[in-house]
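If you count by our numbering, then the sequence shown holds residues 216 to 572, one letter each, in order. Single-structure report; data block below.
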Amino acid sequence: MDITITAATPDQLKTKPADESQLGFGDITTDHIFLMDYDASKGWFNPRIEPYGPLTIDPAAMSLHYGQEIFEGLKAYGIADDGIGLFRANENFERLNRSATRLCMPEVDIPKAMEGMKQLILLDKGWIPRSPGTSLYIRPTMIATEPHLGVRPSNNYLFFIIIGPVGAYYKEGLNPVKIYVEDFFVRAAIGGTGEAKTAANYASSLLAAEEAKKKGFTQVLWLDAAERKYIEEVGTMNMFFRIDDEVITAPLNGSILPGVTRDSVIRIVKDWGIKMTERSLPIDEVIAAAEDGRLQEAFGTGTAAVISPVGQITFKGHDYVVAGGKMGELSQKLYDEIVDIQYGQKPDPYGWVARIE
Ligand SMILES: *Cc1c(COP(=O)(O)O)cnc(C)c1O
């Protein structure tokens, strides 16, 4: 694929963050952006890398009115010998295409889209932070661009990738979070768009998350839409519970996001010989286990945090402390294992890391 590259001129270059220990999440983008266009009659065309800057889109662009937008989130890691590693990137692009199908948007050609991503990363590789725990966050995005105010799928799309350095998620160690079990609002219903990474899912979750934040919680734990009975997931993470010696996570039944980290955790837990079950888990079972002292640990999984331990669950006005409010043993072991594989500090028996330089 011929990607046209227009490099930023010296005056267009941005100032790189001076102190990697101050990096947060999501505020900084690099000097360039990868873009390509789609037209229903031609397919994808004009793959290009340009200086990072505002997009020009028509105010009637269909993504702005009817929400045809999908995205992905993955990371590149600074590894030994000034190398750059990607973690299971192919899975993210396959998920992007599944999201596309659900939203009546065109699939991308995965090798071509990944080639665009790699060239972008290599061009801006000076932005990759190299302190422990830091990484380069990658945000592939697709939006409908056809100017049309009738409701139907757009005939035109823009696919772009932006990247930016992000900090170690945990500055003061792995801090357990307090989660609020939401029993009124719902995130997604079976048959809806819960398993697609699409903007609408997040827009509709903001109100519940804001109300929980006001009450002092970090995250909302969603229950199923039909009965408000079964565990689904939290904001941008899948959830795992360890009850007695069984590790349990919700099955991929259509309303939860199939996380890449979720899949990695399932594989590793099974390989460690621990009982790992994907099944519907009633909130009442979790609460009963917490009351009996059988709830050993709870944690969320996602690209940003890898493993996010839960220290407290609040349900119907009652607080339940989990693992003494500390990070559980399995949570810590999983975090160390995955992070070591990502940064190439441990052998990668699964073939998850691809070195791009
Ligand atoms: C992205 C996301 C996840 C985590 O997926 P990863 O591939 O592990 O990063 C989980 N739940 C939701 C709702 C998400 O958007």
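Here a beta-carbon is modelled for each residue, glycine too, at the ideal position from N, C-alpha and C.
Give me the Cα-Cα distance between residue i and residue j, rounded to the nearest whole angstrom.
i, j, result
"Gly469", "Tyr352", "27 angstroms"
"Asp226", "Asp246", "11 angstroms"
"Asp273", "Thr433", "37 angstroms"
"Ile343", "Met357", "24 angstroms"
"Thr451", "Lys327", "27 angstroms"
"Pro321", "Ala222", "28 angstroms"
"Thr349", "Asn390", "17 angstroms"
"Arg570", "Asp460", "36 angstroms"
"Asp398", "Glu425", "15 angstroms"
"Ile471", "Glu448", "7 angstroms"
"Pro562", "Ile553", "11 angstroms"
"Lys257", "Glu572", "33 angstroms"
"Phe530", "Thr271", "46 angstroms"
"Leu250", "Asp234", "30 angstroms"
"Asp499", "Leu422", "25 angstroms"
"Asn371", "Lys229", "31 angstroms"
"Lys430", "Lys541", "21 angstroms"
"Ile264", "Lys340", "14 angstroms"
"Val480", "Leu549", "7 angstroms"
"Phe240", "Ile378", "11 angstroms"
"Leu338", "Val475", "26 angstroms"
"Lys444", "Lys231", "47 angstroms"
"Gln511", "Ala505", "8 angstroms"
"Ile376", "Phe260", "15 angstroms"
"Tyr292", "Val381", "10 angstroms"
"Trp437", "Tyr384", "23 angstroms"
"Phe455", "Ile220", "43 angstroms"
Bridge partners for residue i per DSSP, in chain order?
i, result
"Tyr292", "Gly300"
"His280", "In the DSSP output, where bridge partners are listed per residue, His280 has none listed."
"Trp437", "Glu397"
"Trp259", "Tyr253"
"Asp247", "At residue 247 the sequence reads His, which differs from the Asp that was named. Its beta-bridge partners are Pro266."
"Met452", "Val449"
"Tyr372", "Tyr253, Ala359"
"Gly379", "Tyr352"
"Arg457", "Val462, Glu512"
"Thr413", "Ile285"
Taking the continuous beta strand (DSSP E) assigned at residue i, which residues delimit it?
i, result
"Asp478", "No beta strand (DSSP E) contains Asp478, which is instead part of the alpha helix (DSSP H) from 475–486."
"Ser523", "521–530"
"Ala513", "510–517"
"His363", "Taken as a continuous stretch (DSSP letters only), His363 belongs to no beta strand (DSSP E), as it is neither H nor E."
"Met216", "From DSSP, Met216 is part of no beta strand (DSSP E); its letter is neither H nor E."
"Val536", "533–536"
"Glu442", "Neither: Glu442 is in no beta strand (DSSP E) and is coded neither H nor E."
"Glu461", "461–464"
Can you give the beta carbon distance from residue i to residue j, rounded, assuming they're within the 8 angstroms contact cut?
i, j, result
"Val392", "Ser523", "6 angstroms"
"Leu374", "Tyr253", "Correcting the residue identity first, residue 374 is Phe in this sequence and not Leu. Going by Cβ atoms, the distance from Phe374 to Tyr253 rounds to 7 angstroms, so yes, they are a contact pair."
"Pro355", "Glu287", "4 angstroms"
"Gly559", "Ala359", "That belief does not hold up - the Cβ atoms of Gly559 and Ala359 are roughly 39 angstroms apart, past 8 angstroms."
"Val435", "Tyr395", "6 angstroms"
"Asn307", "Leu318", "Not a contact, Cβ separation roughly 16 angstroms."
"Gly517", "Arg457", "Incorrect: roughly 18 angstroms between the Cβ atoms, too far for contact."
"Pro466", "Glu442", "Between Glu442 and Pro466 the Cβ distance is about 15 angstroms, and since that is not below 8 angstroms, they are no contact."
"Leu364", "Ile446", "Leu364 to Ile446, Cβ: 40 angstroms. No contact."
"Val525", "Val537", "5 angstroms"
What did DSSP end up calling residue i once you bin it into helix, strand or coil?
i, result
"Ser420", "coil"
"Trp567", "coil"
"Asn307", "helix"
"Gly348", "coil"
"Tyr267", "coil"
"Thr408", "coil"
"Thr492", "strand"
"Glu235", "helix"
"Thr221", "coil"
"Arg313", "helix"
For the alpha helix (DSSP H) containing residue i, list its first residue and its last residue.
i, result
"Ala328", "325–338"
"Glu500", "498–506"
"Tyr550", "544–557"
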